Amino acid sequence: MPPKPIRKAVFPVAGLGTRFLPATKVVPKELLPVVDRPLIQYAVDEAREAGIEQMIFVTGRGKTGIVEHFDIAFELEQTMSERGKDLSVLDCARATPGDVIAVRQQVPLGLGHAIWCARAIVGDDPFAIFLPDELMVAREGGTGCMKQMVEAYEQVGGNLISVLEVPMEQVSSYGVIDPGEAKGALTEVRGLVEKPPVAEAPSNKIVSGRYILQPEVMRVLENQGKGAGGEIQLTDAMAKMIGTQPFHAVTFDGNRYDCGSKVGFVEATLAIALQRPDMGAEVRAIAMDLLK
33 MPPKPIRKAV FPVAGLGTRF LPATKVVPKE LLPVVDRPLI QYAVDEAREA
83 GIEQMIFVTG RGKTGIVEHF DIAFELEQTM SERGKDLSVL DCARATPGDV
133 IAVRQQVPLG LGHAIWCARA IVGDDPFAIF LPDELMVARE GGTGCMKQMV
183 EAYEQVGGNL ISVLEVPMEQ VSSYGVIDPG EAKGALTEVR GLVEKPPVAE
233 APSNKIVSGR YILQPEVMRV LENQGKGAGG EIQLTDAMAK MIGTQPFHAV
283 TFDGNRYDCG SKVGFVEATL AIALQRPDMG AEVRAIAMDL LK
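Residue numbers (the working numbering): 33 to 324.
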């Protein structure tokens with residue numbers, strides 16, 4: 033019997049974005065543009081490519097602009113129409129009525145708590161999680177990270193996480209998997225370790241901001257105490273599910289940009305601008321000129 037399809041995705045977007053102040057004093061970090069699309073748009077586009085229909089945003093105070101981005105801007109569209117401007121540029125920011133849902137995380141108790149806040153909407157369905165700070169870009173002609181994961185999920189079911197291989201000296205900054213049997217891009221997960229010392233790391237495969245989880249994780253989160261940093265950690269809840277359900281990692285064939293950091297955000301902007309046929313050559317020339 034094939035696994036239940038993935039139709040829902042949770043986007044934890046309640047963070048304060050303090051590393052980007054003062055830019056994020058009023059504008060949510062997820063709405064900062066990478067070239068001409070907000071960061072959250074890239075994640076939603078990736079979800080849609082993977083066949084996901086319902087976008088569940090776990091928001092906080094001051095984050096209503098994220099939901100408004102996917103609403104119809106009547107005055108803007110009317111003005112553009114009257115001036116004969118092309119409205120297709122807004123197509124990606126449209127949503128089917130009822131398919132954009134916002135829930136509040138009133139207190140910042142960690143990623144696990146943010147996911148738990150979406151429990152009523154997730155219900156008894158498997159669901160995807162996107163951390164929008166992690167901008168995952170497919171190779172030219174390739175598919176996005178979540179589509180690669182959904183294709184793997186259709187084969188093995190259960191729970192999946194996206195991983196990337198990094199130099200061993202960097203593993204202590206990330207969640208790392210304890211790998212079992214590997215078959216192509218798919219690796220069995222025997223355990224999860226959060227920010228291990230280099231000497232104790234079980235592998236160099238780091239968890240990279242995309243997940244497919246079964247609804248049982250919500251029951252685990254419900255009764256889970258605080259972990260590292262005094263927060264309810266998603267990694268701890270996932271670790272408890274290993275051994276009770278299939279658990280695999282998919283090594284993403286593509287590029288990841290850490291847009292949670294300023295340097296990573298600049299790197300993402302440059303990389304995407306260089307790929308764009310409408311500006312790539314000009315941006316390359318500018319970069320070369322600046323590097324002289």
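The C-beta atom is built at its ideal place from N, Cα and C for all residues, glycine as well. Since the model is a prediction, treat every value here as computed from it, not as a measurement.
Please classify GLN137 as buried or exposed, where buried requires at least 16 neighbouring CB atoms within 10 angstroms. buried
To which residues of the same chain is MET112 closer than 7 Å at the C-beta, ignoring the five residues directly before and after it? LEU119
Collapsed DSSP secondary structure at MET311 in the structure displayed: coil
Residues of its chain near LEU63, where Cβ-Cβ distance is below 6 Å and the 5 sequence neighbours each way are ignored: PRO70 and GLY97
With distances taken between CB atoms, is the gap from ILE244 to GLY144 smaller than 7 Å? no
Answer with buried or exposed for GLY83, where buried requires no fewer than 16 other C-beta atoms within 10 angstroms of its C-beta. exposed
Alpha carbon to alpha carbon, how far is ALA269 from VAL252? Give it in angstroms, no decimals. 6 Å
How is TYR206 classed by DSSP in three states: helix, strand or coil? coil
If we ignore side chains and look at the alpha-carbon of each, how far apart do ASP285 and LEU167 end up? 13 Å
Determine the direct distance from the alpha carbon of LEU122 to that of GLY312, and round the result to whole angstroms. 22 Å
Could you check the C-alpha separation between VAL195 and HIS101 for me, to the nearest Å? 29 Å
Among VAL58, GLN73, SER235 and VAL76, the one whose alpha carbon lies nearest that of GLY47: VAL58
Looking at ILE88: is its Cβ nearer than 7 Å to the Cβ of ALA152? no
Three or more C-beta pairs below 8 Å linking the region 208–227 and the region 300–316: Short answer: they don't touch.
Between the alpha carbons of ALA125 and MET273, how many angstroms are there, rounded? 36 Å
Cβ neighbours of GLN73 in the same chain (closer than 8 Å, five flanking residues each side left out): HIS101, CYS124 and ALA125
Alpha carbon to alpha carbon, how far is GLN307 from LYS324? Give it in angstroms, no decimals. Taking the straight line joining both Cα atoms gives about 22 Å.
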